[in-house]
Amino acid sequence: MGFTTARIAVLLSGNGSNLQAILDAISDGSLEHGRVELVVSSNNSAHGLQRARLAGIPTAVVRSRDYASREEFDAALSNVIDDHRIDLIVLAGYMSILSESFVSRYPRRIVNIHPSLIPAFAGEGFYGLKVHEAALAAGVKISGATVHYVNEVCDGGEILEQETVRIEGIDRAEDVQQRVLTHVEHVIYPRVIERLSKEIVGNRDDR
Ligand code: GAR
């Protein structure tokens with residue numbers, strides 16, 4: 001172990017059902033090349049923190065409001081990530097936008113899941129339920145989710161995976177969200193993380 005697995009940090013702000021899907025995939029062996037070594041929350045009350053504690057994973061809360069400047073916040077976040085020697089930063093319902101300077105420290109080492117088919121309903125202002133409200137307002141019959149690398153453009157990094165789900169006939173944003181989470185997000189995120197983890201471990205072996 002250890003050397004044969006990529007060290008993953010999950011950053012979240014809320015329920016953490018995607019974190020749970022990742023942990024479940026590790027338990028059932030479908031995600032075998034990665035381990036969640038750290039969970040970071042942007043607030044104290046995220047339910048995802050409890051899920052992490054239950055799984056025995058170290059947690060940290062890093063809140064921008066506790067720091068005088070963006071630079072100090074970035075430094076605090078980087079410090080906790082670097083202290084745990086993290087290979088892959090996984091954003092899973094993380095509701096803060098990472099600064100350009102933070103993102104540039106981890107090229108192709110940060111991934112995000114967005115609950116729509118990018119470029120639809122994506123970019124600044126589109127997060128959580130707002131994404132599904134916009135999809136309903138547009139009257140789309142199909143939605144889905146996108147896993148992408150994080151770069152300095154909000155929801156603009158290289159797309160790694162997308163899957164669709166029909167949402168026709170659903171009229172509450174909460175129900176669309178639930179459908180996208182269970183039919184798409186919880187399926188594709190662990191799969192992409194396994195692929196990237198395997199690559200990271202493979203590159204390590206090549207050295
Ligand atoms: C997920 O639907 C995720 O795609 C979305 O927040 C939800 C978090 O759920 N993320 C964004 O909107 C980011 N722009 P979870 O806490 O149960 O994983």
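Be aware that the sequence shown starts at 1, since it is given in the UniProt record's numbering, and climbs by one per residue. Heads up, the beta-carbon is just placed ideally off N, CA and C, and yes, glycines get one too. From a predicted model like this one, the values you see are computed outputs, not experimental measurements.
Hey, would you say residue i sits closer than 8 angstroms to residue j, going by beta carbons?
i           : j           : result
residue 35  : residue 22  : no
residue 115 : residue 178 : no
residue 9   : residue 32  : no
residue 131 : residue 121 : yes
residue 96  : residue 64  : yes
residue 41  : residue 49  : yes
residue 167 : residue 198 : no
residue 87  : residue 109 : yes
By the three-class DSSP mapping on this structure, what secondary structure does residue i have?
i           : result
residue 21  : helix
residue 26  : helix
residue 110 : strand
residue 59  : strand
residue 65  : helix
residue 9   : strand
residue 38  : strand
residue 193 : helix
residue 98  : coil
residue 54  : helix
residue 86  : coil
Within a Cβ cutoff of 6 angstroms, which residues of the same chain sit near residue i, ignoring the five residues on either side of it in sequence?
i           : result
residue 152 : 100, 103
residue 58  : 38
residue 14  : 46, 93
residue 183 : 165
Report all residues from its chain with a CB closer than 8 angstroms to the CB of residue i; omit the five preceding and five following residues, and keep chain order.
i           : result
residue 171 : 136
residue 4   : 33, 201
residue 123 : 154, 155, 156
Since residue i and residue j should fall inside the 8 angstroms C-beta cutoff, what is the C-beta to C-beta distance between them, to a whole number of angstroms?
i           : j           : result
residue 93  : residue 16  : 7 angstroms
residue 192 : residue 158 : Residue 192 to residue 158, Cβ: 12 angstroms. No contact.
residue 187 : residue 144 : Actually they do not touch by this definition, with Cβ atoms about 11 angstroms apart.
residue 44  : residue 61  : 5 angstroms
residue 185 : residue 118 : With 8 angstroms as the limit, residue 185 and residue 118 do not qualify as a contact, their Cβ atoms being about 13 angstroms apart.
Measuring only from the beta carbon, is residue i closer than 7 angstroms to any heavy atom that is part of the ligand SAM?
i          : result
residue 90 : Ligands present in the displayed structure are limited to the ligand GAR, and the ligand SAM is not among them.
Beta-carbon within less than 7 angstroms of residue i's beta-carbon, same chain only, minus the 5 sequence neighbours each way: which residues are those?
i           : result
residue 127 : 95
residue 85  : 7
residue 190 : 21, 22, 25, 30, 31
### Complete beta strand (DSSP E) runs within the region 116–169 (minimum length 3 residues, chain order)
142–149, 159–166
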